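Take a look at the structure set out below.
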Amino acid sequence: MMTVILKTLLGQIQGLSGNPHSTTSRTYFLCFCTSLLHFKVPWVSRLIRKLYMASPSNDSTVPVSEFLLICFPNFQSWQHWLSLPLSLLFLLAMGANTTLLITIQLDASLHQPLYYLLRLLSLLDIVLCLTVIPKVLAIFWFDLRSISFPACFLQMFIMNSFLTMESCTFMVMAYDRYVAICHPLRYPSIITDQFVARAVVFVIARNAFVSLPVPMLSARLRYCAGNIIKNCICTNLSVSKLSCDDITFNQLYQFVAGWTLLGSDLILIVISYSFILKVVLRIKAEGAVAKALSTCGSHFILILFFSTVLLVLVITNLARKRIPPDVPILLNILHHLIPPALNPIVYGVRTKEIKQGIQNLLKRL
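Counting from 0, one number per residue, gives the positions in the sequence shown under numbering that gives the first Met the number 0.
So this is what it looks like as structure tokens:
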């Protein structure tokens, strides 16, 4: 009797393996398992459970072709209200950066290395906004939660690489201010158009090369724990949680790469401003200190805000268990929106040449 049972069991499992998507076969198999459990034979019960869990018919091994983004799982009723300020900030960021790009392009007096770097910063801000915010608003307004595998990993790459590109651009701008204040006579020979071109290539190549493995490692994982991402964007941590593989190396690489890039930029920025402060304190001429500080005031404000928002985001992620899960999600969105909106405004308000260029642009219109 037991031999017949085992033969039937193995035959059913082979049938399921040949057709893992057969609902009828799976139903028969479950009924068969249930009937065997009534015999109350312990080793048969354990064998059934072991063989069924090992069967390729298990739904968890069926690959998925897209992800579903669930913004603010605990406060989804807030999404429509939140979309209004996000839309205004998005329009402000796009409009201000576009205006700055056009102004620098059309005004010949702004064709200088510092403003070329500022134009690069505006381009990075525009790409970051377009990568993140339209998808978030589409989720809020039209409930378009699905995102394909390629689109998700492309978004992940752009967010990781362009964020560090912004940090690297701030570092190059800090060096520009260091040369302008500490070595003003050598500034025209050091900070040239050729220097800016090399700096732009370095900014793009370094950060793209180091950030590329992050989405590649995530794309190689097997996703068998569902396809629902509890986030508005495809962050590496949110996506890799859905994998049934070991993600230790994935997380370790992003941690080391991110802190190496951002940390080295921050150290060089601090060193540059330390030398600037040292030189400024030695100046005894009346009004010279204020003039020297005004040349790097806008840049320092943007770096301070960029670093503060990033630090708050990191702290909230580290303290994820102590705060509502929706808080890091909101901060992540704002980090891709508020700095791009503020960068051109701060430079436009505090820089006389840019204000004059914007006025000339408005007169042409």
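Backbone N, C-alpha and C define an ideal beta-carbon position, used for all residues, glycine too. None of these values were measured; they are calculated from a predicted model.
Pull up the CB-CB distance for residue i and residue j, whole angstroms please, since I reckon it's below 8 Å.
i, j, result
"L120", "N342", "6 Å"
"T98", "I300", "Contact flag wrong, Cβ pair sits at about 19 Å."
"L85", "L136", "7 Å"
Among the residues of its own chain, which have a CB less than 8 Å from the CB of residue i, if the five just before and after it don't count?
i, result
"D244", "L220 and R221"
"K354", "G347 and V348"
"N235", "M155, N159, V213, P214, S217, N249, Q250 and Q253"
"G257", "N159 and T163"
"F305", "E165, S166, F169 and P338"
"F274", "Y177 and C181"
"N230", "L68, I69, C70, S237, I328 and N331"
"H298", "F169, M172, A173 and R176"
"I189", "V178 and H182"
"V195", "P112, Y115 and L116"
"R185", "V178"
Tell me which residues share the same chain as residue i and place their Cβ nearer than 6 Å to its Cβ, disregarding the 5 neighbours each side in the sequence.
i, result
"G291", "Per the sequence shown, residue 291 should be read as Ala rather than Gly. Hits under 6 Å: I180 and V279."
"A95", "P343 and I344"
"I103", "L109, Y114 and R118"
"W80", "none"
"R144", "L67, L68 and I138"
"I246", "S239"
Identify which residue in the options has its Cα closest to the Cα of residue i.
i, options, result
"L123", "V135, K351, Y115 and L162", "L162"
"Q78", "T98, L109 and W140", "W140"
"F66", "T247, I314, T130 and S239", "S239"
"V126", "F71, V308 and P338", "P338"
"L310", "I190, C70, L265 and F194", "L265"
"V131", "C151, Y115, S273 and Y114", "C151"
"I101", "F89, L90 and Y115", "Y115"
"L267", "F89, D175 and S108", "D175"
"V209", "L364, S147, S82 and L261", "L261"
"S293", "K320, L303, T259 and K351", "K351"
"S147", "I190, I232 and A107", "I232"
"A207", "D192, I189 and I157", "I157"
"S296", "I282, L276, R281 and K283", "Correcting the residue identity first, residue 296 is Gly in this sequence and not Ser. It is L276 whose Cα lies nearest to the Cα of G296."
"L109", "C223, D192 and S188", "D192"
"L211", "V199, L153 and R197", "L153"
"S64", "A289, D142, L143 and P149", "P149"
"L303", "V269, R281 and A318", "V269"
"R205", "L364, T259 and I246", "T259"
Taking Cβ to Cβ, would you say residue i is nearer than 8 Å to residue j?
i, j, result
"M155", "I203", "no"
"L336", "A173", "no"
"S263", "Y177", "no"
"P72", "P324", "yes"
"I228", "I69", "yes"
"V308", "H334", "yes"
"F74", "C128", "no"
For residue i, which residues does DSSP report across the bridge?
i, result
"S237", "The partner list for S237 (beta bridge, DSSP) is empty, contrary to what the question assumes."
"I227", "L67"
"Y222", "S242"
"I146", "F66"
Leaving out five residues before and five after residue i in sequence, what residues of the same chain have Cβ atoms less than 7 Å from its Cβ?
i, result
"K362", "none"
"G225", "L241"
"L105", "L360"
"T315", "I322, V326, P327 and L330"
"V199", "L119"
"K283", "none"
"M340", "For the sequence presented, residue 340 should be read as Ala rather than Met. Cβ within range, chain order: L88, L91, A92 and A95."
"A107", "none"
"S82", "L136, F139 and W140"
Can you find a C-beta in chain B that's less than 8 Å from the C-beta of residue i?
i, result
"T234", "The structure shown contains no chain B, having only a single protein chain."
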